[in-house]
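Please read the structure below before turning to the comments.
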Amino acid sequence: MATKSTSGVVVTGGASGIGRACAQAVAEQGRAVAIWDLDPAKAEATAAEIASETGVATFGRGIDVTRTADFDAAIDATREAIGEIGGLVHAAGTVRAQSIGQLDEAGWDFVLNVNLRAFPLLVQALHADLKASPGASVVGIASIEAWVGNEAIPAYCASKAGMLGAVRSMSHRLAPDDIRVNAICPGFIETPMLAPSLAAPGVREEFSAASPMGRIGRPSEIGEPAAFLLGNAASFITGQSLIVDGGVLAIV
Ligand code: NAP
């Protein structure tokens, strides 16, 4: 049965990098978007830019996704601003370089709380809205580090692998409600998060060479697959993770 995919989409981390590109790609399909990000000014400015570039309704909201008590007010304000909510992208993310020997509880919890814990709690808070929106879809932005171990960032690797488990579990629970749940696992993408690493001598060359395509990815190369998974063209895809890495994991 054909379902519509014209409802609005909430994008956490939507004011920067991959989240912004997801919001842009969704807006280019004519769908309203809500940019949720830590800095209210950045969220509002990004929403205004996307509205002026695409003509769709947008809304910017400052929110810390670890503060679950703020979710309901943000959802109410979003619904009021852009109408029906039929999609979520959880792109808000963070990383701390703390390997074994350097771990502390606060650092571990910080990464897990933003990247993983917020995700199912956001889906739960949006459940009624998503259920009321035919063909609703959720996309978690995971990482290739859900699949391979990076010794420097165990909390990050655990958060992203955990996201894939949450995707599979939620896809089961939410399928009867006509809500699909998937993840994208990006490789190396040119964003502010990766910028400090890329600035170190030789790292840009090393990351580029890890891909048989010989380059770092563009944020839009994650945004477009996210818009696909959010839309009706992906109407039979749920519980999956799509690796979008320029072939990094395909080679040794
Ligand atoms: P980015 O440019 O730093 O964007 C992340 C956004 O999330 C920022 O605007 C950040 O705000 C926001 N954010 C952080 N903590 C938040 C919180 N508690 N509540 C709300 N917003 C919060 O990074 P990116 O590279 O686009 O990353 C997006 C997602 O892709 C992340 O989940 C990341 O793990 C994942 N990813 C990235 C790559 C890559 O190579 N870039 C590869 C694989 C996966 P502030 O800037 O104010 O902190």
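Mind the numbering: the sequence shown is residues 1 to 252 in UniProt numbering, read in order. From the three backbone atoms N, C-alpha and C, an ideal C-beta is built for every residue, glycine too. Predicted, not measured: the structure shown is a model, and the values here were computed from it.
Whole-angstrom distance between residue j and residue i, CA atom to CA atom
i       : j       : result
Val-123 : Asp-129 : 10 Å
Thr-6   : Gly-30  : 7 Å
Val-181 : Arg-20  : 20 Å
Val-65  : Leu-164 : 19 Å
Ser-197 : Phe-207 : 10 Å
Glu-151 : Arg-67  : 29 Å
Glu-80  : Gly-214 : 45 Å
Gly-55  : Phe-71  : 27 Å
Asp-178 : Val-167 : 15 Å
Minimum C-alpha distance to residue i - residue among the options
i       : options                           : result
Gly-87  : Ala-97, Thr-94, Ile-75, Gln-98    : Ile-75
His-90  : Asp-178, Cys-22, Asp-72, Thr-58   : Cys-22
Glu-221 : Leu-174, Ala-45, Ser-171, Val-26  : Val-26
Ala-136 : Val-252, Ile-18, Leu-230          : Leu-230
Met-170 : Asp-245, Met-193, Ala-92, Val-138 : Val-138
For residue i, the three-state DSSP class (helix, strand or coil)
i       : result
Asn-150 : coil
Ala-234 : helix
Ala-136 : strand
Gly-19  : helix
Val-181 : strand
The ligand NAP heavy atom lying under 8 Å from the CB of residue i
i           : result
Gly-19      : yes
Gly-86      : no
Ile-141     : yes
residue 255 : There is no way to answer for residue 255, as the model of the chain reaches only from 1 to 252.
Thr-6       : no
Trp-108     : no
Asn-232     : no
Leu-38      : yes
Asn-182     : no
Phe-71      : no
Glu-190     : yes
Ser-16      : yes
Thr-12      : yes
Check whether residue i and residue j have beta carbons under 9 Å apart
i       : j       : result
Leu-249 : Pro-225 : no
Val-33  : Ile-18  : no
Gly-101 : Ala-155 : no
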